[in-house]
Structure formats: C-alpha cells, structure tokens
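Worksheet for the structure shown next.
Protein chains in written order, with the working numbering: chain V, 6 to 197; chain X, 6 to 197.
Listed below in structure tokens is the structure:
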C-alpha cells in the first residue's frame, strides 16, 4: 500500500478496495477499515461512491483486467496460438504457487456475492468474457474444430486451478498447463 | 427449514449453518441470524460450539459429504468406471442449472476464509479428497495411464464448472461432461 499515499482519495479508495476485497474478502472488509486503509473519511467515500456495492464494482472494473493482463503473453512475442494459450497457463500455475494468491478476483466476487445481478457480478462476467475471447481467438487461429467450446473448457481449467489451489492451500504444480494441453490436443489445436 | 423444528438445538444449528453459509455466505451470516433461524439462543449456541469458526467447520463436515453423495452413481449400478465418472459430471452439470446452485460448499469455504489453516479449510480439503479418491479409483479400474493426475484434472473440471456457473449466473449446459470426456480420452480411460 506504499504507493497509495500520493494518489487522490478516489484512487486511494479503489486501490485499498482492490487489495482488501481480494486478500480479506468483500463482506469481511467493512467501510470503516476500507476508509482507514485508504486514508479517506467515510463522508468523502460516500461522496465518491454512492454505496459500498458501487465501490466493489468499480474496484473490480479496475483491477480485474490487470490480473488477466499479467498472465497474457506479449503480443509481439513470436508464439503460435497454442503456445500463447499454454504461456497463459504456465503463468497462472506460477501465480497459484505464490503464497499471496487468493484465486481469480472475478470468480471470488461472484462466489461471495451470490447475486448474478449485483453490479460487481456484471463486471466479473464482462471481465471473464475477455479471457474467454482470448482463448477463442487463439483457438480459431490455431484451427480448433469448435473454438468457443474449447475456450469455455479452457476457462473451466483456469478457474478450476484457482479453486484447487485455494482448497489445497498450495499451488498444484503444472496442473493447469497439463490439463489445458490435453484439451488443446482433443480440440484439434495444431502445434504449429 | 421446515424439518428443523423437531431436531435438537445442536442439529438445528448445524442445519441452519449449512444452509445459510451456502446460500448467503459465511461472513455475511452473523451469529444473531444463525441463532434466529435455528431457534436457539446465543447462550445455547456458545455452549454447543466454542466459536462460530467451530460451527463453520462442523457444518461443512456434516453437509460437504452430502453434496458429493448426491452426485455419485449407485454402487450397484451396472456402469463402467468411465460411465461412473461421466454420470457424476452429468449430475453436476444438472445441479449447476438449478437456480439454487451456489457452487461447491468446500471451494466456497476456502475461497471466503482465505486461511488454509482454518478448521473449516481442513474439512474442505478432506472432503475434496473424497472426490479426488473417487476419480482416482475409477481411473485405476478403467486403466488410465496416471490415475492420480487424471483425478486432479477431473477435480479441476468439477470446480471450474461451478466457478463458470457462478460467474455466468446460469448453468453452462453439458460443459462438465464434454470437458471430462475429453480428459478421459486423453488419459487413456477405456470406454469398456
């Protein structure tokens, strides 16, 4: 949180929310604590965000895509579509081995809120669509028989690896890459 | 909750906890509400369970295995190992289409608690091991090349389907069965 201080109150609240909701949970993070960590008064918070729910949605809007971007290969990297997909799973398996890993923020938000119409649930769905679209694009380029189905299956693996890690309390080395590779073979994604 | 009334206070608390934690969340369910739904005083609750954490663990201990059992094929059914595994995924895909589906209680508990040493996290890990063992047993019987790895991959699919459903806010028809079938093929599980 060392970089929060120089930012304005809105930015400080978004960053504190992004971190606390991910590390400690959405319900577990009260407005008091959020404002304390952000160094913003409750009055100011409610001037910037109508409700805590709105802050939950906007923090995920900001930091959900950051999680995805951190696992994507460089667009300029000389990789095949298959390699691009496996690169993402290598990065995700590596992240899952980090003691500060608490899963996918989008899935966690949906799991905790249990309300598919919550503003943050809509953000989670939209963010996740970005991941599915990445998979579908690569699957199409790689000549998969049914790119959208394969993309959904790969997203199942992505989310399942996070769930396994959370339950085991430790990374599950190489599980994402191996499972994804088997599905790429089955889906007809060329190695070239 | 209509069947709760005839049970004793301990049983009423376990049932109310199992339902509320699953449908509304662990942190979101305060002790007040829990006692109100169970029809038990807070004083009685703390005589029966030292802490709320202890109740969280014992409720999962009781109802986690019920979730698994509801999706397993009858032991006497004339099914091959491959068919047993796919039966479970057919049931799980069907459950995911239920509007009252909120995912896997074990994964939800680990996701929300974010503490791998919490007594309920230990229960979640143990319960999930039952599922992995079911997969590994069938994979061995079916002649899979690496039954434990295949079992881990199938658990990834199981958990991933739940996560996809929660994010989409709707069941993802047939996704579990199709993904599992592709992994069974890849893992060398005979059709016979």
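All residues carry an ideal CB built from backbone N, CA and C; glycine is no exception.
(request) Establish whether the CB of residue 133 of chain X and some CB of chain V are separated by less than 8 Å. (result) Numbered from 1 along the second chain, position 128 holds the residue referred to as residue 133 of chain X. True, the Cβ-Cβ gap to chain V drops below 8 Å.
(request) Consider the C-beta atom of residue 160 of chain X and the heavy atoms of the ligand MN; say whether any pair is separated by less than 7 Å. (result) The ligand content of the structure shown is nil, which means the ligand MN is not present either.
(request) Taking only runs that begin and end inside the stretch 90-157 of chain V, name each unbroken alpha helix (DSSP H) of 4 or more residues, in chain order. (result) Counting only unbroken stretches of 4 or more residues, the alpha helix (DSSP H) elements lying wholly within the stretch 90-157 of chain V are 110-118 and 124-146, in sequence order.
(message) Suppose the cutoff is 6 Å on Cβ atoms and the five residues either side in sequence are ignored; what does the same chain contact list for residue 6 of chain V look like?
(response) Residue 6 of chain V sits at position 1 when you count from the first residue of the first chain. Note that residue 6 of chain V has pLDDT 48, beneath the 50 cutoff, so the model's placement of it is unreliable and no number is given.
(message) Is it buried or exposed, residue 104 of chain X, if we count other Cβ atoms within 10 angstroms and call 16 or more buried?
(response) The sequence position of residue 104 of chain X within the second chain is 99, counting from 1. It is exposed - the Cβ of residue 104 of chain X has fewer than 16 other Cβ atoms within 10 Å.
(message) Using CA atoms only, rank isn't needed, just tell me which of V:184, V:145 and V:149 is closest to residue 2 of chain V.
(response) Lying outside 6 to 197, the shown extent of chain V, residue 2 of chain V is not represented and no answer is given.
(message) Residues of chain V with CB closer than 9 Å to the CB of residue 28 of chain X, please, in chain order.
(response) As a first step, residue 28 of chain X must be located in the second chain, where it is residue number 23. Result: 119.
(request) Give the secondary structure of residue 54 of chain X by DSSP, where H, G and I count as helix, E and B as strand, and everything else as coil. (result) Your numbering for residue 54 of chain X matches position 49 in the second chain. Coil, per DSSP.
(request) Have a look at X:108, X:191 and X:85 and flag the residue whose alpha-carbon is nearest the alpha-carbon of residue 119 of chain V. (result) Along the first chain, one-based indexing puts residue 119 of chain V at 114. The shortest CA-to-CA distance from residue 119 of chain V to any of X:108, X:191 and X:85 is the one to X:108.
(request) Say whether chain V places a C-beta atom closer than 8 Å to the C-beta of residue 67 of chain X. (result) Position 62 of the second chain, counted from the first residue, corresponds to residue 67 of chain X. Taking Cβ atoms only, chain V never reaches closer than 8 Å to residue 67 of chain X, which makes this a no.
(message) Can you find the residues in the same chain that come closer than 8 Å, C-beta to C-beta, to residue 117 of chain X, ignoring five residues on each side of it along the sequence?
(response) Taking the second chain and counting its residues from 1, one reaches residue 117 of chain X at position 112. Once the five neighbours on either side are set aside, the close Cβ partners of residue 117 of chain X are 30, 31 and 32.
(request) Could you give the DSSP three-state label for residue 195 of chain V: helix, strand or coil? (result) Taking the first chain and counting its residues from 1, the one referred to as residue 195 of chain V is at position 190. Here residue 195 of chain V carries a coil assignment [DSSP, helix/strand/coil].
(message) Using only the alpha-carbon positions, how far apart do residue 173 of chain V and residue 169 of chain X sit?
(response) Walking along the first chain from the start, residue 173 of chain V turns up at place 168. Walking along the second chain from the start, residue 169 of chain X turns up at place 164. If I take the Cα positions, the gap works out to 20 Å.
(request) Note down the Cα distance separating residue 78 of chain V from residue 89 of chain V, rounded to an integer number of angstroms. (result) Translated into positions along the first chain, residue 78 of chain V becomes position 73. Translated into positions along the first chain, residue 89 of chain V becomes position 84. Taking the straight line joining both Cα atoms gives about 6 Å.
(request) Could you have a look at residue 80 of chain V and say whether DSSP puts it in helix, strand or coil? (result) Along the first chain, read from residue 1 onward, the residue named residue 80 of chain V stands at position 75. The three-state secondary structure of residue 80 of chain V, taken from DSSP, is coil.
(request) Quick one: list the residues of chain V neighbouring residue 56 of chain X, beta-carbon separation under 9 Å, in chain order. (result) As a first step, residue 56 of chain X must be located in the second chain, where it is residue number 51. Those do not exist, as residue 56 of chain X stays about 16 Å from chain V at its closest Cβ, beyond 9 Å.
(request) Put residue 190 of chain V into one of helix, strand or coil per three-state DSSP. (result) Locating residue 190 of chain V in the first chain gives position 185, counting from the first residue. Helix, per DSSP.
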